[in-house]
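Numbering (the working numbering), first residue to last: 1 to 351. For glycine and all other residues, C-beta sits at the position ideal for the given N, C-alpha and C. The model shown is predicted, which means the values in this text are computed figures rather than measured ones.
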Ligand code: SAH
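If you want it as structure tokens, here you go:
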């Protein structure tokens with residue numbers, strides 16, 4: 001760390017935390033030409049240099065300007081577990097904290113699930129990430145670097161990003177929005193907004209704010225229950241924002257964006273998986289432009305919840321279908337490699 005402080009210098013910015021617009025403005029504010037931002041982004045994100053001195057077609061002044069004011073860094077990959085269709089990474093951040101990202105190989109492309117915070121304060125009872133509590137938000141560059149490090153490691157471009165790793169994206173809203181700007185920018189990593197999904201446990205004011213975000217990014221809501229009684233018993237956030245408020249904010253989001261929303265629903269044995277729950281969920285979501293993603297619970301040794309039986313999941317699925325609710329069952333990835341949220345990190349933190 002001391003080494004970093006000496007070499008990086010006060011006021012220097014991490015290049016991976018700077019959006020294209022930020023960099024254009026930086027050049028303009030310094031009475032310089034904003035097209036230099038195009039050149040720099042091209043070298044950083046298309047050619048993936050790791051030192052500004054590698055920029056070949058730019059002036060010496062620009063290189064000096066960049067070297068004096070911006071720096072590169074990396075995340076350390078401290079563990080990687082691979083199964084047939086999934087790889088799970090554990091990264092060490094510059095202050096020693098750890099976060100995870102999961103890469104999934106589909107027939108339509110390669111997706112990554114990234115973390116947005118170190119730990120999480122949302123306190124969902126079934127979730128491993130929440131057990132260790134939030135330590136801090138991730139900086140923009142720490143989210144961008146999860147993408148870059150993985151792409152370098154697998155030597156392939158990622159096609160989809162989901163913000164469903166450790167943390168609550170809407171509890172780190174501003175950094176998440178800037179991260180989306182950078183990965184979505186045609187001048188930057190250039191992943192289409194329709195290929196980016198943000199998942200929230202239901203922070204209502206932020207769902208409303210997100211409705212006015214000008215990019216066509218997908219929204220997923222971790223609902224997990226058809227009523228307040230069950231939701232109260234498994235998700236602390238439901239004490240702050242009730243199901244009715246979530247549904248209202250989602251309707252507002254759809255009215256502003258015209259986009260279909262995903263409701264995630266973890267199937268927890270004996271908790272939220274009955275036929276009555278399926279019927280109640282169907283009437284709650286009736287008429288909303290949405291679909292439900294039923295998630296087989298990934299069991300973890302520290303938490304008592306169990307996954308629902310296959311038959312129970314299929315019955316639940318059929319009831320939603322019959323009631324004209326769009327529904328899918330999530331394919332199970334990587335349960336052998338501790339792929340559920342936060343499992344690899346907690347394994348390391350607790351030994
Ligand atoms: N905080 C955000 C994003 C991170 S959690 C959110 O709540 O949406 C991403 C998704 O994984 C959520 O739907 C969460 O409920 C789910 N999840 C957490 N632990 C899980 C487990 N053990 N098995 C299956 N899904 C899990």
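Chain-order list of residues whose beta-carbon lies under 7 Å from that of residue 69 (same chain, five-residue window excluded): Cβ-Cβ distances below 7 Å link residue 69 to 12, 13 in the same chain, with the five nearest sequence neighbours on each side left out; the list follows chain order.
Whole runs of the alpha helix (DSSP H) within the region 48-136, excluding any shorter than 4 residues: Within the region 48-136, the complete alpha helix (DSSP H) segments of 4 residues or longer fall at 60-69, 128-131, listed in chain order.
Segment contact flag, the region 89-101 with the region 30-45, C-beta cutoff 8 Å, min 3 pairs: No: fewer than three Cβ pairs fall under 8 Å.
Residue 6 versus residue 112: straight-line alpha-carbon distance, rounded: Interpretation of residue 6 is limited by its pLDDT of 46, a score under 50 that renders its predicted location unreliable; no figure is taken from the coordinates.
Environment of residue 205 [buried if 16+ CB atoms lie within 10 Å]: By the neighbour-count rule (16 or more Cβ atoms within 10 Å), residue 205 is not buried but exposed.
Residue 244 versus residue 40: straight-line alpha-carbon distance, rounded: Taking the Cα positions, residue 244 is about 47 Å away from residue 40.
Residue 178 classed as buried or exposed, judged by whether at least 16 other C-beta atoms fall within 10 angstroms: It counts as buried.
Strand pairing of residue 264, partner residues [DSSP]: Note: residue 264 sits in a beta bridge opposite 222, 293.
Contact test: residue 21 Cβ vs ligand 1 heavy atom, cutoff 6 Å: Not under cutoff, so the answer is no.
Local Cβ density within 10 Å of residue 224, reported as buried at 16 or more and exposed below that: Buried, because 16 or more other Cβ atoms sit within 10 Å of the Cβ of residue 224.
Cα-Cα separation, residue 283 to residue 314: If you take the alpha carbons of residue 283 and residue 314, they lie about 19 Å apart.
Straight-line gap, residue 2 to residue 73 (C-alpha atoms, nearest Å): At residue 2, the pLDDT of 42 sits below 50, so the modelled position is not reliable; the number obtained from the coordinates is stated separately. Cα to Cα, residue 2 sits roughly 15 Å from residue 73.
CB of residue 293 within 7 Å of CB of residue 257, strictly: No. Outside cutoff.
Pair within 7 Å by beta-carbon distance, residue 267 and residue 291: No, Cβ-Cβ distance for residue 267 and residue 291 is not below 7 Å.
Touch test, the region 134-142 against the region 187-194, Cβ-Cβ under 8 Å, three pairs minimum: Because the criterion of three Cβ pairs below 8 Å is not met, the region 134-142 and the region 187-194 do not touch.
Inter-stretch contact at 8 Å, needing at least 3 Cβ pairs: the region 94-104 / the region 149-161: With three or more CB-CB distances shorter than 8 Å, the region 94-104 counts as touching the region 149-161.
As assigned by DSSP and simplified to three states, the class of residue 300: In this structure, residue 300 counts as coil in the three-state DSSP scheme.
Residue 24 burial status per 10 Å Cβ neighbour count (16 or more: buried): Around the beta carbon of residue 24, 16 or more other beta carbons lie within 10 angstroms, which makes this residue buried.
DSSP-derived helix/strand/coil call for residue 193: Residue 193 falls in the helix class under three-state DSSP.
Cβ-heavy atom distance, residue 127 to ligand 1, below 6 Å: Yes, since a heavy atom of ligand 1 falls inside the 6 Å radius drawn around the Cβ of residue 127.
Inter-residue spacing [alpha-carbon to alpha-carbon] between residue 352 and residue 114: Residue 352 is absent from the structure shown; the chain starts at 1 and stops at 351.
Residue 200: CB within 6 Å of a non-hydrogen atom of ligand 1: True, at least one ligand heavy atom lies under 6 Å from that Cβ.
Proximity test, residue 168 beta-carbon vs ligand 1 heavy atom, cut-off 6 Å: Yes, ligand 1 has a heavy atom inside 6 Å of this Cβ.
Secondary structure of residue 198, DSSP reduced to three states: Correct three-state label for residue 198: strand.
Residue(s) in a DSSP beta bridge with residue 162: Per DSSP, 113, 197.
Neighbourhood of residue 109 by C-beta distance below 7 Å, restricted to the same chain and skipping five residues each side: So the qualifying residues of the chain are 159, 160.
heavy atom of ligand 1 below 6 Å from residue 246 C-beta: False, no ligand heavy atom lies under 6 Å from that Cβ.
Local conformation of residue 25 per DSSP, three classes: It is helical.
Helix, strand or coil at residue 18 [DSSP, three-state]: Coil, per DSSP.
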